[in-house]
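Everything on this sheet refers to the single structure shown next.
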Amino acid sequence: MSSAEQHKRFMALAIETMRRTALEERSGEPFGAVVVKDGELIADEGNGVGRDNDPTAHAEINAIRAAARALGTWDLSGCVLYASSRCCPMCYAAAHWAAISKIYYGAGWEDYSDFYDDSAAITEMNLPPERQAMAPEQLLRDEAVEVWNAVRQDRGMKPAETD
Numbered sequence: 204m205s206s207a208e209q210h211k212r213f214m215a216l217a218i219e220t221m222r223r224t225a226l227e228e229r230s231g232e233p234f235g236a237v238v239v240k241d242g243e244l245i246a247d248e249g250n251g252v253g254r255d256n257d258p259t260a261h262a263e264i265n266a267i268r269a270a271a272r273a274l275g276t277w278d279l280s281g282c283v284l285y286a287s288s289r290c291c292p293m294c295y296a297a298a299h300w301a302a303i304s305k306i307y308y309g310a311g312w313e314d315y316s317d318f319y320d321d322s323a324a325i326t327e328m329n330l331p332p333e334r335q336a337m338a339p340e341q342l343l344r345d346e347a348v349e350v351w352n353a354v355r356q357d358r359g360m361k362p363a364e365t366d
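Letter 65 of the sequence shown, counting from 1, is numbered 268 in the working numbering, and no numbers are missing.
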């Protein structure tokens, strides 16, 4: 099987999971994701936000979590994520932190913007904190930095300078 055929096969699986999750099981929103390593399926998950009452239970997050458990590591270097739709900012960040090597997606944001509009979150994240809707405020910075410096020391690193 060619590489292109293999990619299409795994994307078709993510899309089938999308369909099953939303239209058959009715266990979540229409999103599916699979994680593959060296041509082997590691995880196949659908969206579980409604089922689990967990706003972070997106298909991609669920697949990344399942793959990390299956492989016994959080470092998913060499893994490929196939998502039925383009990743939202949270899922993209999770793939980044998991060191996913490549992402393929089916539907683009424009294909489902009548359901979800990720552009608002992206715009919001790029604003200074004081202009964001949730207006994050920094509290007890010195105490938090103290713990970070203790971790640095524990790991043989130089403590950070604070102003």
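Built from N, CA and C at the ideal position, the CB exists for glycine as well.
- When secondary structure is reduced to three states using DSSP, E263 falls in the helix class.
- Counting only residues of its own chain and dropping the five nearest sequence neighbours on each side, A302 has a CB closer than 7 angstroms to the CB of D278, L279, S280.
- Taking the Cα of D255 as reference, the smallest distance to any Cα among C282, T220, R229, Q356 is reached at R229.
- Between the stretch 238 to 245 and the stretch 321 to 338, the count of Cβ pairs shorter than 8 angstroms is below three; the stretches do not touch.
- Non-local beta-carbon contacts of A270 in its own chain, meaning distances under 7 angstroms to residues more than five positions away in sequence, involve V238, I245, A246, L279, C282 in chain order.
- Between A217 and A286 a beta carbon distance of about 6 angstroms is seen, short of the 8 angstroms cut, so the two are scored as contacting.
- Note: S288 is bridge-paired with A310 in the DSSP secondary-structure output.
- Here G235 is near T220, since their CB atoms are less than 8 angstroms apart.
- Excluding five sequence positions before and after Y307, the CB atoms of its chain that fall closer than 8 angstroms to its own CB belong to H210, F213, M214, V283, L284, Y285, A286, given in chain order.
- P362 is classed as exposed because its beta carbon has fewer than 16 other beta carbons within 10 Å across all chains shown.
- One alpha carbon belongs to N329, the other to L226, and they sit about 35 angstroms apart.
- By DSSP's assignment, A236 forms a beta bridge with E248, A286.
- For Q356, the uninterrupted alpha helix (DSSP H) run begins and ends at 344 to 357, by DSSP.
- Cβ contact annotation for Y315 (same chain, cutoff 7 angstroms, sequence separation greater than five): S288, in chain order.
- By the CB criterion at 8 angstroms, R223 and G249 fall inside the cutoff.
- The three-state reading of DSSP puts K361 in coil, since its state is none of H, G, I, E or B.
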